[in-house]
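Novice:
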Amino acid sequence: MDSSLQVQPITILLVEDNPGDVRLIKEVFKDEKVMNTLIVAKDGIEALAILKDPSKVIPDLILLDLNLPRKKGLVVLGEIKNDPSLKRIPVVVLTTSSAEEDILKSYNSYASAYLTKPVELDEFIAVIQKLESFWLSVVKYPSKDTP
Amino acid sequence: MKPKTQEQLLLELEDLRARLDEAEDTLRAIRSGEVDALVVSGVGGEQVYTLKGADHSYRVLIEDMNEGALMTTSDGVILYSNRCFAEMIKTPLERVVGSMISTWIVPDSQDILQVLLLQDDTETRRHGQITLLASDGALVPGHLSTNILQMEETRDLFGLVVTDLSQSQRNMALAVSEKLAQQSLAASSQSRRALLSVIEDQKRAEDELRNLAADLKRSNTELEQFAYVASHDLQEPLRMISSYTTLLEKRYKDKLDQDANDFIGIVVDGANRMQKMINALLVYSRTTRDHSPLQRVDCNAVIEDVKRNLQLSIQESGAIIQADPLPTIVGYPVLLLGLFQNVMSNSIKFQQGTKPLVAITVQKNNTHWIFSVKDNGIGIDPQYFDTIFIIFQRLHPIDEFPGTGIGLSICKNIVERHGGTIWVESEPHNGTTLYFTISSQLKEQ
Chain Z
23 MDSSLQVQPI
33 TILLVEDNPG
43 DVRLIKEVFK
53 DEKVMNTLIV
63 AKDGIEALAI
73 LKDPSKVIPD
83 LILLDLNLPR
93 KKGLVVLGEI
103 KNDPSLKRIP
113 VVVLTTSSAE
123 EDILKSYNSY
133 ASAYLTKPVE
143 LDEFIAVIQK
153 LESFWLSVVK
163 YPSKDTP
Chain S
6 MKPKTQEQLL
16 LELEDLRARL
26 DEAEDTLRAI
36 RSGEVDALVV
46 SGVGGEQVYT
56 LKGADHSYRV
66 LIEDMNEGAL
76 MTTSDGVILY
86 SNRCFAEMIK
96 TPLERVVGSM
106 ISTWIVPDSQ
116 DILQVLLLQD
126 DTETRRHGQI
136 TLLASDGALV
146 PGHLSTNILQ
156 MEETRDLFGL
166 VVTDLSQSQR
176 NMALAVSEKL
186 AQQSLAASSQ
196 SRRALLSVIE
206 DQKRAEDELR
216 NLAADLKRSN
226 TELEQFAYVA
236 SHDLQEPLRM
246 ISSYTTLLEK
256 RYKDKLDQDA
266 NDFIGIVVDG
276 ANRMQKMINA
286 LLVYSRTTRD
296 HSPLQRVDCN
306 AVIEDVKRNL
316 QLSIQESGAI
326 IQADPLPTIV
336 GYPVLLLGLF
346 QNVMSNSIKF
356 QQGTKPLVAI
366 TVQKNNTHWI
376 FSVKDNGIGI
386 DPQYFDTIFI
396 IFQRLHPIDE
406 FPGTGIGLSI
416 CKNIVERHGG
426 TIWVESEPHN
436 GTTLYFTISS
446 QLKEQ
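First to last, the protein sequences are chains Z and S.
Each residue of the first sequence is one higher than the one before, counting from 23 in this note's numbering.
Each residue of the second sequence is one higher than the one before, counting from 6 in this note's numbering.
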């Protein structure tokens, strides 16, 4: 990204239990020189704890895996969208599942987008690039100061 | 075993239930003496079991003898009476059957009756003097002998012989005729017992069939879930293998020698192939999981959709597709599209440099539409006619004809869901004609 066009780095909460996936996303972000703060939660319960902790920064964007231990992704999504202080945060579902029912349930629970993780790295990079260019560069977020 | 749809299973269950009810009705009717015969469906067709055949002679004897002969439950309900007893109490036979024996006996004799109808294994034959009460109020002195007829059903039956003692001249013959009558009743009970065991066998077979149907349904469901879950969960580790190997290649390409780069290429290729197979397995499991309603489907429109989906390979190969005017049939739209697309893409794919010619025709018989898709491709050796419908079975090296080898097993699944069959006619180098049938009896939902 051209540094002269550098926008304010945003904070992303990545909810992902698979360390391989976490590392892969970090590596791709690094290769693509995506500038942001990445917080990682290993499961749904940890994600909600971070989101509800007043001492933590509220993320601008949430990347959510569906197949999570302890608390499933769709449940986490539902709780975020039912919480007045969190519901405005865009949630992008990033999962292996391409099942119709998962896609439908996610949008019904107010997911902002549904992305499947491609097996091929180049395709995965392409997805992250598009994710980056849209959610990290194009989308306008509410200012941090407004309550 | 071929998977059955839930509808098929429900229909079978309904059929079984009806047959069971029928058997139970027959059983009831035989017990009450309404019918004399039972028709049982067996392996060699329907068989008639009849009481007449077994105990016709005994019946005639009982009907015509001058003693009253009865069969009652231990509660005293009369299940059978001969004409003589009905005449003794001056009551039409049809009113006697089904009544209580106690109705026809004076209050003073009721205690004796109770004793005679006791269920006691130590003493199966008893007799005593009682007074009958006829419907016109007349009192008839009688000798009553009872005999427990052992039945394997829930309760015992009693054979009763009543002798009119007002006809004293009959006293002499009493012992002889009583014995004869009891033997007759016992014999009759035996043939009834045989009938009961036939009915029970049938009931047991039906229970077994019902359990089997339930098992089959359960294992089908489990299999579908297994394929679905496995497909999803298998993708995760596969993605890790593929992604990190590629990452390795990207980052360290300059530092690795040719061998290392070749190996990386092989790993990535393997992972990609495996991923395609998992996706194919997902599609396969979806063809059994798809519970969308049956709809009217215009097959001409399906062919047009297929042509659009296969546009690239049709253009590249220069394939010519000819289709007869096709009917509108009832089926699952998405599955039918998958069926035609798989079959037609095979016709275009399995060629040796010739321009593919694909001809689609249809015929109809009483029960099915019969579709055929004929091509001018490489053909199939007859020894593989069955193999090609098995999941992941390939006849050619992957670099000659790419693919997972699941297409025709998906087709078979789809055809069977439409109550049809699929088969192939071909010889090597001489084209292939693939036939499949779709039931014309399916109803829109």
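Backbone N, C-alpha and C define an ideal beta-carbon position, used for all residues, glycine too.
From a predicted model like this one, the values you see are computed outputs, not experimental measurements.
What are the partner residues of residue 414/S, as DSSP defines its beta bridges?
Specialist: Answer is none; residue 414/S lacks a bridge partner.
Novice: Could you name the residues of the same chain whose beta carbon sits closer than 8 Å to that of residue 110/S, not counting the 5 residues immediately before and after it, in chain order?
Specialist: The answer, listed in chain order, is 118, 135, 136, 137 and 138.
Novice: Is it buried or exposed for residue 71/S, if we count other Cβ within 10 angstroms and need 16 for buried?
Specialist: Answer is exposed; the Cβ neighbour count stays below 16.
Novice: Between the beta-carbon of residue 92/Z and the beta-carbon of residue 66/Z, is there less than 8 Å?
Specialist: Their beta carbons are under 8 Å apart, which means residue 92/Z touches residue 66/Z by this criterion.
Novice: Can you round the beta-carbon distance between residue 133/S and residue 149/S to whole angstroms, since I take them to be within the 8 Å contact cut?
Specialist: Going by Cβ atoms, the distance from residue 133/S to residue 149/S rounds to 6 Å, so yes, they are a contact pair.
Novice: Would you call residue 95/Z buried or exposed, if buried means 16 or more other Cβ atoms sit within 10 Å of its Cβ?
Specialist: Looking at its Cβ environment, which holds 16 or more other Cβ atoms inside 10 Å, residue 95/Z is buried.
Novice: Just checking: is the beta-carbon of residue 423/S within a distance shorter than 8 Å of some beta-carbon in chain Z?
Specialist: Not closer than 8 Å to any Cβ of chain Z, the Cβ of residue 423/S fails to qualify, so no.
Novice: Among 140/Z, 87/Z and 124/Z, which residue has its Cα nearest to the Cα of residue 115/Z?
Specialist: The candidate whose alpha carbon is nearest that of residue 115/Z is 87/Z.
Novice: What separation, rounded to the nearest whole angstrom, lies between the Cα atoms of residue 216/S and residue 208/S?
Specialist: About 12 Å.
Novice: I'd like to know if the stretch 289–297 of chain S and the stretch 337–349 of chain S are in contact, where contact means that at least 3 CB-CB pairs between them fall below 8 Å.
Specialist: Yes: the two stretches touch, three or more of their Cβ pairs being nearer than 8 Å.
Novice: Under 9 Å, CB to CB, which of the residues in the stretch 32–64 of chain Z have a partner in chain S?
Specialist: Listed by position along the chain: 40, 42, 43, 45, 46, 49, 50 and 53.
Novice: From residue 253/S to residue 148/Z, what distance separates their C-alpha atoms?
Specialist: The straight-line gap from Cα to Cα measures roughly 18 Å.
Novice: In this structure, how does DSSP classify residue 150/S when only helix, strand and coil are distinguished?
Specialist: In the structure shown, residue 150/S sits in a strand (DSSP, three-state: E or B).
Novice: Is there a Cβ of chain A sitting closer than 8 Å to that of residue 277/S, yes or no?
Specialist: The structure shown contains no chain A; its protein chains are Z and S.
Novice: How many Å lie between residue 59/S and residue 87/S at the Cα?
Specialist: Any answer about residue 59/S is weak, because its pLDDT of 46 lies below 50 and its placement is not dependable; what the coordinates show is given next. Spanning the two alpha carbons is a distance of roughly 18 Å.
Novice: Contact criterion: CB-CB distance below 8 Å. Does residue 27/Z meet it with respect to chain S?
Specialist: Low confidence applies to residue 27/Z: its pLDDT is 48, below 50, so where it sits in the model is not reliable, and the reading given next is rough at best. Not one chain S Cβ lies under 8 Å of residue 27/Z.
Novice: Spatial neighbours of residue 214/S within its chain, please: C-beta separation below 7 Å, excluding the five flanking residues on both sides.
Specialist: Closer than 7 Å at the Cβ level, and outside the excluded window around residue 214/S, lie 21.
Novice: Cβ of residue 149/Z less than 8 Å from any chain S Cβ?
Specialist: So, not an interface residue.
Novice: Are the stretch 195–203 of chain S and the stretch 96–109 of chain S touching, with three or more C-beta to C-beta distances below 8 Å?
Specialist: In short, these stretches do not touch, since the Cβ pair count stays below three.
Novice: Can you name the residues of chain Z whose CB is closer than 7 Å to the CB of residue 290/S?
Specialist: The contacting residues do not exist; residue 290/S stays about 11 Å from chain Z at best.
Novice: Tell me whether the beta-carbon of residue 108/Z lies closer than 8 Å to the beta-carbon of residue 73/Z.
Specialist: Yes.
Novice: Does the ligand FAD have even one heavy atom less than 7 Å from the beta-carbon of residue 121/Z?
Specialist: This structure does not include the ligand FAD; it has no bound ligands of any sort.
Novice: For residue 174/S, collect the residues of the same chain with a Cβ closer than 7 Å to its Cβ; drop the 5 residues on either side in sequence, then sort them by chain order.
Specialist: Annotation note: pLDDT 44 at residue 174/S (below 50); position unreliable, no value reported.
Novice: So which of 243/S, 324/S, 281/S and 409/S has the shortest CA-CA distance to residue 465/S?
Specialist: Not covered by the structure: residue 465/S. The range shown for chain S is 6 to 450.
Novice: Taking only runs of the beta strand (DSSP E) that begin and end inside the stretch 24–106 of chain Z, which ones reach a length of at least 3 residues, in chain order?
Specialist: With a minimum length of 3 residues, the continuous beta strand (DSSP E) runs that stay inside the stretch 24–106 of chain Z are 32–37, 58–63 and 83–86.
Novice: Of all the CB atoms in chain Z, is at least one closer than 8 Å to the CB of residue 300/S?
Specialist: Chain Z contact via Cβ: absent.
Novice: Using 8 Å as the cut-off, can you tell me whether the stretch 435–443 of chain S makes contact with the stretch 360–380 of chain S, which would need three or more C-beta pairs spanning the two stretches below that distance?
Specialist: At 8 Å Cβ cutoff, the stretches touch.
Novice: Who does residue 77/S pair with in a DSSP beta bridge?
Specialist: Per DSSP, 83/S and 163/S.
Novice: Below 6 Å CB to CB, which residues in the same chain sit around residue 24/Z once its five sequence neighbours on both sides are set aside?
Specialist: With a pLDDT of 45 at residue 24/Z, under the threshold of 50, the modelled position of this residue cannot be trusted; read the value that follows with caution. Contacts found: none.
Novice: Can you give, in chain order, each stretch of the beta strand (DSSP E) that sits fully within the stretch 272–336 of chain S and has at least 3 residues?
Specialist: Those beta strand (DSSP E) runs which fall completely within the stretch 272–336 of chain S and span 3+ residues are 300–303, 325–328 and 333–336.
Novice: Strictly under 8 Å for the Cβ-Cβ distance: is residue 293/S near chain Z by that measure?
Specialist: Judged by the 8 Å Cβ criterion, residue 293/S is not in contact with chain Z.
Novice: Excluding five sequence neighbours on each side, which residues of the same chain lie with their C-beta closer than 6 Å to the C-beta of residue 157/Z?
Specialist: Excluding residues within five positions, the ones whose Cβ falls inside 6 Å are 83.
Novice: What whole-angstrom Cβ distance do residue 363/S and residue 380/S have, given they're in contact under 8 Å?
Specialist: At roughly 5 Å, the Cβ-Cβ gap stays under 8 Å, so residue 363/S and residue 380/S are in contact.
Novice: Under 7 Å Cβ to Cβ from residue 114/S, same chain only, skipping five residues before and after it: list those, please.
Specialist: So the qualifying residues of the chain are 135 and 136.
Novice: For residue 234/S, tell me which candidate among 396/S, 64/S and 283/S has the shortest Cα-Cα distance.
Specialist: Residue 234/S has its Cα closest to that of 283/S, out of 396/S, 64/S and 283/S.
Novice: Quick test of the definition: if touching needs 3 or more C-beta pairs under 8 Å, does the stretch 223–234 of chain S touch the stretch 258–266 of chain S?
Specialist: Contact between the stretch 223–234 of chain S and the stretch 258–266 of chain S is absent, because fewer than three Cβ pairs lie under 8 Å.
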